[in-house]
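**Student:** First the structure, then my questions, so here it is.
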Amino acid sequence: MASLYFLVLLSTLGLSSAFDSWHERVGFPEAARILEHEKSIVPLAQEVHRPIVGGFVAALHAHPHLAGLVVDIRGSPSPSACGGTLLTSSRVLTAAHCWHDGRFQAWRFTVVLGSPYLFYGGTRIPTSSVSVHENYEPVTLANDIAMVYLPVHVSFSAAVRPATLPSDAMLHLDLTGLWATAVGYGRYSDLSNPTHNTVVREVQLQVISREACRRTYGRVVLDSNVCTAGAGGVGICRGDSGGPLAVALAGQHVLLGVSSFVATAGCELGHPSVFASVPAFLPWIRARL
């Protein structure tokens, strides 16, 4: 009975690639949508007051650690889309399901740095060198984390700068109530075809306990996850996978999480957002820097 409940929960909330493919359901259509609207290159100045899922367009270069990922998939003529976080001049952290979602396998990422747009501008670096966590499980999204290796070292500037990894002590802290910022190129609405969400956007999210998060998602939420509240219709949305959840400390962007999943029932329905916890994966991350 417990196993049946678990599968029904995953199916209802849309968390499992055992029932569908993330790239097919989200990545391909989001990449196509972003590309279509970026062709018009809407001026950023006209976008400043357009809300996303509880947030706003990010100021230019406000999040220089954000990496966009244009994802080329084996056997598909169309790209998918994800986000990531620059950690060093040659390393980007993202979600494992961006590389392999259980059905579709990527063969190349084009890493985009220093651009408010995913398909235009900035520094663009193709790479097929990716290390997925050895215990990644595409059905439950356990250990949903991967390291991307750049073939060149990027130069840092106001537009391109790495995030800071948290200290080991943060793993043992109760972060409940902490406010953090999620950033990405994803949707700001559950509308089927929102027309102006093509630039980097940010949203302020409050960390909730894993116990509270499990009341929505059950045991799919692990101790290696961090969750944020969705009350008021705020959170990550389609196209934000792999992107950063960071806190500002002493003038630095300290990376707290990697965007993993939300309920596909809708981004604005008040469900929590779930991230891979960076403090929980520090040894794995450091071994690949």
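According to mature numbering (1 follows the signal peptide of the UniProt record, and there is no 0), the stretch in the sequence shown is residues -18 to -1, 1 to 271, in order.
Don't be surprised by glycine CBs; every beta carbon is placed ideally from N, CA and C.
1. Could you compute how far the alpha carbon of His253 sits from the alpha carbon of Thr105?
2. Where do the ends of the alpha helix (DSSP H) carrying Arg197 lie?
3. Alpha carbons only, please: which of Cys64, Leu69 and Gly96 is nearest the one belonging to Trp81?
4. Spatial neighbours of Ala49 within its chain, please: C-beta separation below 6 Å, excluding the five flanking residues on both sides.
5. Express the C-alpha separation of Val240 and Ser259 in angstroms, rounding to a whole number.
6. So is Asn125 buried or exposed if we call it buried at 16+ other beta carbons inside 10 Å?
7. Alpha carbon to alpha carbon, how far is Leu238 from Val52? Give it in angstroms, no decimals.
8. For Leu227, does the three-state DSSP call read helix, strand or coil?
9. Alpha carbon to alpha carbon, how far is His47 from Ile218? Give it in angstroms, no decimals.
10. Quick check: the Cα distance between Ser242 and Ala232, rounded to an integer number of angstroms?
11. Just how far apart, CA to CA, sit Leu123 and Ser223?
12. Below 8 Å on the Cβ atoms is my contact criterion, and I expect His45 with Val216 to pass it. Report the Cβ-Cβ distance as a whole number of Å.
13. Buried or exposed for Arg201, please, with buried defined as at least 16 other CB atoms from any protein chain shown within 10 angstroms of its CB.
14. Work out the CA separation of Ala194 and Val165 for me, nearest whole Å.
15. Count the other CB atoms, across all protein chains shown, that sit within 10 Å of the CB of Val134; report buried if there are 16 or more and exposed otherwise.
16. Tell me whether Trp89 is buried or exposed, calling it buried when 16 or more other Cβ atoms sit within 10 Å of its Cβ.
17. Helix, strand or coil, according to DSSP, for Pro265 in the structure here?
18. What three-state label does DSSP hand Cys64 in the structure shown?
19. Distance, Cα to Cα, Leu204 vs Arg268?
20. Within the same chain, show all residues whose beta-carbon is closer than 6 Å to that of Asp270, passing over the 5 residues directly before and after it, in chain order.
21. Within 10 angstroms of its Cβ, does Glu184 collect 16 or more other Cβ (buried), or is it exposed?
22. I'd like to know whether the C-beta atoms of Ala162 and Ile127 end up nearer to each other than 7 Å.
23. My output table needs one value for Pro98: the three-state DSSP class, helix, strand or coil.
24. Among the candidates Ser110, Thr210 and Ala13, whose CA atom is the shortest distance from the CA of Leu157?
25. So what does DSSP say about Arg7, is it helix, strand or coil?
26. Apart from the five residues just before and just after Val229, which ones in its own chain have a Cβ nearer than 6 Å to its Cβ?
**Tutor:** With the structure as the only source:
1. 35 Å
2. Arg192 to Tyr199
3. Cys64
4. Sequence-distant Cβ neighbours of Ala49 in its own chain, meaning closer than 6 Å and more than five residues away, are Gly66, Leu68, Val74, Val93 and Leu95.
5. 7 Å
6. buried
7. 23 Å
8. strand
9. 17 Å
10. 27 Å
11. Computed Cα separation, rounded: 12 Å.
12. Not really, about 17 Å apart at Cβ, beyond 8 Å.
13. exposed
14. Rounded to the nearest whole angstrom, the CA to CA distance from Val165 to Ala194 is 23 Å.
15. exposed
16. exposed
17. helix
18. Residue state, collapsed to three classes: strand.
19. Cα-Cα distance, rounded: 21 Å.
20. Contrary to the premise, residue 270 reads as Arg rather than Asp in this sequence. The beta carbon of Arg270 lies closer than 6 Å to those of Ser113 and Met129 in the same chain, with the five residues before and after it left out.
21. Label assigned to Glu184: buried.
22. no
23. Reduced to three states, the DSSP call for Pro98 is coil.
24. Ranked by Cα distance from Leu157, the options Ser110, Thr210 and Ala13 are led by Thr210.
25. For Arg7, the three-state secondary structure derived from DSSP is helix.
26. Ala162, Val236 and Leu238
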